[in-house]
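Those letters in the sequence shown? Residues 2 to 191, by my numbering. Note that beta-carbon positions come from the ideal geometry of N, C-alpha and C, so glycine has one too. Worksheet: the structure to be examined is printed underneath.
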Amino acid sequence: MKVVILAGGKGTRISEESRYKPKPMVTIGGKPILWHIMKHYSSYGFNEFIVCCGYKGHMIKEYFVNYYVQQNNVSFHLKNNKIEVLEDVSEPWKVTLVDTGLETLTAGRVLKVREYLRAEPFLLTYGDGVSDIDIRKLVDYHQKNRKIVTISSTKPEGRFGALHLDESSHEVKGFKEKARLDQNWVNIGF
């Protein structure tokens, strides 16, 4: 089963980083978020990826063009223009990078990669979020229930800690750090 990764948005909410690179290329621990997402799927045996590029997509393409050489020990034979890989430690991934446009919305990006999916079931995720979802359980649930689409969701955590105040004395009686909000479920993109 292939994994489609939406990596074309502009990243306006993290503009201090995405001004210079697309959100999926923001690094965590020296590796792009995109790499972490792919590593997570790969740990469940999903190694074929279709990345929907858009905003600064050339940077994603450059990353993968240079990936093999950057990840391995190599020797360069300059006289005959050859590269010798001394130790191959690359992931077993097939990565297809598709330019899906600068302004294309989610469904449009999926439509633009449909020829690479060959009408087979696929996984879809955002290129800017890492999770600990058990992908195998998700796929098993989807297949068992025979639905067209399965969406993962969560109730978001609050952005601020909550105080419990005594109304009359205005004393703090309790504090709850960033509690889950009692509001709508949100799509987490897995």
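Item: Collapsed DSSP secondary structure at Y45 in the structure displayed; Value: coil
Item: Simplified DSSP assignment, three categories, for T105; Value: coil
Item: Validate contact between the segment 20 to 34 and the segment 70 to 79 using beta carbons, cut 8 Å, 3 pairs; Value: no
Item: Rounded distance between the beta-carbons of L139 and S154, thought under 8 Å; Value: Not quite, the Cβ-Cβ distance comes to about 12 Å (not below 8 Å), so this is no contact.
Item: Classification of K3 by the beta-carbon crowding that lies within 10 angstroms, buried from 16 upward; Value: buried
Item: Stretch-stretch touch, CB-based, cutoff 8 Å, three pairs: the segment 83 to 94 with the segment 107 to 118; Value: no
Item: Other residues of its chain near Y45: CB distance less than 6 Å, five sequence neighbours each side excluded; Value: I136, R137
Item: Local conformation of I38 per DSSP, three classes; Value: helix
Item: Residues bridged to I29 [DSSP beta-bridge criterion]; Value: K32
Item: Beta bridge counterpart(s) of E85 as assigned by DSSP; Value: S76
Item: Reference I61, options V86, E158, E85, A8, closest by Cα; Value: A8
Item: Burial state of R122, where buried means 16 or more other Cβ atoms lie within 10 Å; Value: Here residue 122 turns out to be Pro, not Arg, going by the sequence shown. That one is exposed.
Item: Nearest residue (CA-CA) to E158, options N146, G175, V187, L103; Value: V187
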